[in-house]
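The structure appears right after this line, and notes come after that.
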Amino acid sequence: MKIIVTGGAGFIGANFLNLFVPRFPEHQFINLDKLTYAANLESLRGIESLPNYALQRIDINDAAAVDEIFEATDPDLVVHFAAESHVDRSIHGPREFIRTNIEGTFNLLEACRKHWPSGDGRLFHHVSTDEVYGSLGETGAFSETTAYDPSSPYSASKAASDHIVRAYHRTYGLPIKVTNCSNNYGPMQFPEKLIPLMVLNALERKPLPIYGRGLNVRDWLYVTDHCEAIWTVIERGRIGRTYNIGGNSEKRNIDVVDLLCHIIAEETGSDPSELLALKEFVADRPGHDLRYAIDATRIREECEWEPKETFDTGIRKTVRWYLSNQSWVDDVRSGEYRKWIDTNYGERAG
Ligand code: NAD
Ligand code: TYD
Numbered sequence: 446m447k448i449i450v451t452g453g454a455g456f457i458g459a460n461f462l463n464l465f466v467p468r469f470p471e472h473q474f475i476n477l478d479k480l481t482y483a484a485n486l487e488s489l490r491g492i493e494s495l496p497n498y499a500l501q502r503i504d505i506n507d508a509a510a511v512d513e514i515f516e517a518t519d520p521d522l523v524v525h526f527a528a529e530s531h532v533d534r535s536i537h538g539p540r541e542f543i544r545t546n547i548e549g550t551f552n553l554l555e556a557c558r559k560h561w562p563s564g565d566g567r568l569f570h571h572v573s574t575d576e577v578y579g580s581l582g583e584t585g586a587f588s589e590t591t592a593y594d595p596s597s598p599y600s601a602s603k604a605a606s607d608h609i610v611r612a613y614h615r616t617y618g619l620p621i622k623v624t625n626c627s628n629n630y631g632p633m634q635f636p637e638k639l640i641p642l643m644v645l646n647a648l649e650r651k652p653l654p655i656y657g658r659g660l661n662v663r664d665w666l667y668v669t670d671h672c673e674a675i676w677t678v679i680e681r682g683r684i685g686r687t688y689n690i691g692g693n694s695e696k697r698n699i700d701v702v703d704l705l706c707h708i709i710a711e712e713t714g715s716d717p718s719e720l721l722a723l724k725e726f727v728a729d730r731p732g733h734d735l736r737y738a739i740d741a742t743r744i745r746e747e748c749e750w751e752p753k754e755t756f757d758t759g760i761r762k763t764v765r766w767y768l769s770n771q772s773w774v775d776d777v778r779s780g781e782y783r784k785w786i787d788t789n790y791g792e793r794a795g
């Protein structure tokens with residue numbers, strides 16, 4: 446099978462390729478990635494010389510380039526990760542989110558429509574987020590039939606892309622599947638997101654910026670559990686269907702940060718109170734969703750998928766990964782990264 450993986454140099458895409466390229470030597474994996482600030486080729490060192498892996502530096506907003514790669518590779522499967530993925534960046538500059546997440550997805554769908562006239566045996570797997578459903582109150586969970594109600598330019602752009610993907614199935618019969626997953630964490634996540642940002646700041650004894658009062662709740666899923674879930678849906682899920690993926694692991698942000706301080710102190714032999722003292726409550730994110738939670742009954746019953754990691758095992762693995770991969774960290778912390786930290790946190794005085 447020939448598999449195009451878009452965004453394979455980003456956090457989840459790289460974890461996906463690191464798992465499945467060695468596991469399936471009979472499949473050919475082609476990574477289509479523009480290599481934005483969020484990409485890191487260090488994440489692919491372990492597989493880059495394998496014969497069933499290739500990287501093509503392509504912007505999915507370039508319809509002609511996307512079409513050419515379909516012409517050249519004739520893929521059987523597209524796993525679509527490529528996106529602008531960070532909510533705070535979407536608040537500061539939504540344009541790239543609209544372009545890549547909506548138009549980029551549209552370009553891929555158009556290439557599928559043209560090159561897969563019958564669709565038989567092909568699949569476009571769209572990787573999406575639970576943020577399309579908006580915010581929950583204190584109770585309840587998102588199911589696949591929850592109405593879309595996105596709050597940020599990021600989640601609105603992902604919501605739009607989900608609708609277009611499903612429209613291509615209904616209108617043109619394109620074989621698609623969609624997965625909507627909760628917050629991922631694990632190795633190789635860009636340190637703009639909560640968990641890696643807190644880990645790296647704590648290690649450098651920098652402030653730990655907590656938006657609002659830290660009472661927002663996220664459901665955390667270890668990244669390889671997400672990747673396995675996607676593969677399971679590709680193999681066992683029904684065409685045209687949506688599957689929610691969650692970790693059954695709801696945590697308040699403040700509790701995540703406290704736990705991280707304790708684990709980092711333990712792992713580095715330092716005093717937890719020194720790290721806990723770095724916490725700083727800063728201005729809240731506009732439109733900040735209060736709570737996300739996932740009802741994962743469908744994927745559990747139809748595909749027999751369950752997460753393997755608990756938050757306690759996954760978070761420890763994650764901290765250890767950042768502790769032992771300093772060169773990866775140095776690589777992502779370019780001038781662009783420092784500029785972002787200044788822009789985002791400069792406006793959020795403690
Ligand atoms: P990421 O930001 O770490 O990586 C995104 C990747 O896409 C990067 O390698 C980047 O270079 C590439 N990319 C961006 N614009 C591109 C373009 N125009 N053309 C080609 N490549 C481009 O993102 P991630 O956290 O790995 O998320 C991957 C996907 O999973 C996204 O679609 C995201 O919406 C979805 N998702 C993420 C989470 C999460 O917690 N991170 C949860 C659920 C769903
Ligand atoms: P984030 O990792 O950006 O993921 P998302 O917004 O997609 O859920 O943020 C996770 C939670 O952590 C969210 O409620 C916002 C909060 N947060 C902070 O409190 N401080 C920070 O510095 C960041 C980046 C996020």
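When the count follows the working numbering, it moves up by one through the sequence shown with no breaks and lands on 795 for the last residue.
The C-beta atom is built at its ideal place from N, Cα and C for all residues, glycine as well.
Is residue i near residue j, with beta carbons less than 8 Å apart?
| i | j | result |
| --- | --- | --- |
| I505 | T574 | no |
| D664 | E695 | yes |
| N463 | G491 | yes |
| I640 | G691 | no |
| D533 | R730 | yes |
| S535 | S588 | no |
| G759 | Y630 | yes |
| I609 | Y688 | no |
| L486 | Y737 | no |
| L879 | H570 | The requested residue 879 does not occur in the structure, where the chain is confined to residues 446 to 795. |
| D594 | Y578 | yes |
| V727 | R793 | yes |
| Y599 | F542 | yes |
| T624 | V678 | yes |
| A390 | D521 | Here the chain covers residues 446 to 795 and nothing more, so residue 390 does not appear. |
| M633 | F465 | no |
| D565 | K447 | no |
| I675 | V523 | no |
| L645 | P636 | yes |
| R681 | E747 | yes |
| L477 | A527 | yes |
For residue i, which residues does DSSP report across the bridge?
| i | result |
| --- | --- |
| Q501 | L477 |
| C626 | T574 and I690 |
| K447 | Q473 |
| I739 | F587 |
| R663 | K696 |
| L581 | R736 |
| I621 | F569 |
Since residue i is in the alpha helix (DSSP H), which residue starts that stretch and which ends it?
| i | result |
| --- | --- |
| H570 | That residue, H570, is in no alpha helix (DSSP H); its beta strand (DSSP E) goes L568 to T574. |
| P598 | P598 to Y617 |
| D787 | G780 to G791 |
| T545 | No alpha helix (DSSP H) holds T545; DSSP gives it neither H nor E. |
| H531 | First-last for H531: undefined, no H or E at that position. |
| W773 | Q771 to V777 |
| N756 | The amino acid occupying residue 756 in the given sequence is Phe; Asn does not appear at that position. Segment F756 to L768, the alpha helix (DSSP H) holding F756. |
| G458 | F456 to R468 |
| P641 | L639 to L648 |
| I514 | A508 to T518 |
| D670 | V668 to R681 |
| S494 | First-last for S494: undefined, no H or E at that position. |
| L721 | P717 to L721 |
Counting along the chain, where does the beta strand (DSSP E) carrying residue i start and finish?
| i | result |
| --- | --- |
| H525 | L522 to H525 |
| R697 | E695 to R697 |
| E725 | K724 to V727 |
| I655 | L653 to Y656 |
- [ ] Please confirm if the segment 757-764 is in contact with the segment 701-709, defined as three or more CB-CB distances below 8 Å between the two stretches.
- [x] Yes, they touch.
Open item on the list: I want to know whether the segment 544-562 touches the segment 605-621 - three or more CB-CB distances under 8 Å.
Closed with: These segments touch.
Open item on the list: Across the segment 657-677 and the segment 744-753, are there enough close Cβ pairs to call them in contact, namely three or more that are closer than 8 Å?
Closed with: They touch, by the three-pair rule.
Open item on the list: Between the segment 465-482 and the segment 640-649, can you find at least three pairs of beta-carbon atoms closer than 8 Å?
Closed with: Flag = no, the segment 640-649 and the segment 465-482 do not touch.
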